[in-house]
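Numbering-wise, the sequence shown is residues 89 to 250 according to the numbering used here.
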Amino acid sequence: MDRIYQVKNHHFITNNDIFKLEVISHKKFDLLQRIMLIDLGNTQQLLEVINNTETAIRVIEQTEEKNIISRKSCIISSTNNVLAFANSKIYCRKIPLDVLSEIRDCKRGIGKILLYHRLEIFKKITEIGYVEGHHIFKNYSLYHKENVICKINEIFPLKINK
């Protein structure tokens with residue numbers, strides 16, 4: 089059974105929370121892992137810069153029920169390596185229709201869609217974690233006009249074949 093270590097903070101995640109995660113998991117994270125755990129920007133763009141590659145979103149599964157879109161996706165490099173996985177819950181009622189239409193198309197990542205439409209977003213990380221020997225992860229919510237529009241769990245594999 090894999091050991092899961094996690095740190096929750098209902099205000100915002102800080103460097104101190106990463107330190108707590110390192111202490112409880114007995115794992116020292118490298119600089120890039122620390123950045124991925126605490127970054128508040130666009131994950132796809134950050135992975136492009138870190139890996140010096142173009143990326144694409146591959147939607148594995150997307151369903152919509154009762155005005156909530158559930159999406160499983162991954163960010164892949166130009167050499168077809170998986171850089172990250174994401175599980176998302178998107179709350180349709182609080183999102184402009186043009187943005188929602190593009191999310192339903194499954195062609196681009198949520199972050200890139202929001203950037204393209206210049207939607208003012210606040211990103212709040214509420215949990216970071218480490219699954220021993222496998223991956224690090226973070227859970228966060230996206231807010232627009234003080235409403236939660238999306239909850240996302242991002243998973244970053246510890247080893248990526250380049």
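For every residue, glycine included, the Cβ atom is placed at its ideal position computed from N, Cα and C.
Tell me the rounded alpha-carbon separation between K194 and T102.
Residue identity differs from the one stated: residue 194 is Cys in this sequence, not Lys. Cα to Cα, C194 sits roughly 32 Å from T102.
By alpha-carbon positions, which one of L119, I164 and R122 ends up nearest to Q132?
I164
Extent of the continuous alpha helix (DSSP H) run through I126:
L119 to I126
K200: first and last residue of the uninterrupted alpha helix (DSSP H) it sits in
I198 to Y204
Pick from E190, E234 and K247: whose alpha carbon is nearest that of L171?
K247
Where do the N-terminal and C-terminal ends of the alpha helix (DSSP H) with I67 fall, by residue?
A question about residue 67 goes unanswered here, because the residues of the chain that appear run from 89 up to 250.
8 Å Cβ cutoff met for G38 and N130
As displayed, the chain neither begins before 89 nor continues past 250, which places residue 38 out of reach and without an answer.
Cα-Cα separation, I191 to Q94:
30 Å
Spatial neighbours of T141 within its chain, please: CB distance less than 6 Å, with the 5 preceding and 5 following residues excluded, ordered by chain position.
S165 and S166
The beta strand (DSSP E) enclosing L230, as first and last residue numbers:
H223 to H232
Closest residue to F100 among S113, L230, I243 and N155 (Cα-Cα distance):
L230
Buried/exposed call for F107, threshold 16 Cβ in 10 Å:
exposed
Let's test the definition: count the other Cβ atoms within 10 Å of the Cβ of G221 and tell me whether it reaches 16, buried, or not, exposed.
exposed
Quickly, what does DSSP pair K211 with across the bridge? List them, please.
L230
Cα-Cα separation between H98 and K211, rounded to whole angstroms
13 Å
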